[in-house]
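To start, the structure itself, in structure tokens.
Numbering (my numbering), first residue to last: 477 to 608.
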């Protein structure tokens, strides 16, 4: 005759492992829900600002900047330009493109000029982006 099956009790180690794994899964789900509720489907909100001092090296003037996506959705092919106006005329212009900028992400870069931007008016602006 066969013996009745005995139900095995879980060990303390199994319960600890199960508790830790459950906590990790609950945390991930919570973060995803928080991110979804906080950011939602807001379109990209892009901002650019000069982020440091202008420095000179090897005959060029470096103008550091930070590009930020304060919105929720991702922006692709973000184009930024810098114009250096001296005496009311555009003397130099630069353009850069950032391939990918997720919601809440910031990227840094620099424009290079042959003339000192402190001797004129520097205009940094975002000229466009594409939705992925």
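Every residue, glycine too, gets a C-beta built ideally from N, C-alpha and C.
Whole-angstrom distance between residue j and residue i, CA atom to CA atom
i	j	result
residue 610	residue 581	The structure shown does not extend to residue 610, since the chain is modelled only from 477 to 608, so the question has no answer here.
residue 547	residue 519	6 Å
residue 583	residue 486	50 Å
residue 555	residue 569	13 Å
residue 579	residue 550	5 Å
residue 588	residue 558	9 Å
residue 561	residue 507	46 Å
residue 572	residue 529	19 Å
residue 585	residue 503	35 Å
residue 606	residue 545	13 Å
residue 537	residue 500	49 Å
residue 505	residue 523	30 Å
residue 601	residue 498	47 Å
Collapsed DSSP secondary structure at residue i in the structure displayed
i	result
residue 545	strand
residue 532	strand
residue 521	coil
residue 526	strand
residue 498	helix
residue 485	coil
For residue i: DSSP bridge partner residues
i	result
residue 587	539
Limits of the unbroken beta strand (DSSP E) element including residue i
i	result
residue 581	Note, residue 581: premise wrong, no beta strand (DSSP E); not H, not E.
residue 572	565-577
residue 604	597-606
residue 555	551-562
CB contact below 7 Å: residue i versus chain C
i	result
residue 607	The displayed structure is made up of one protein chain only, and chain C is not part of it.
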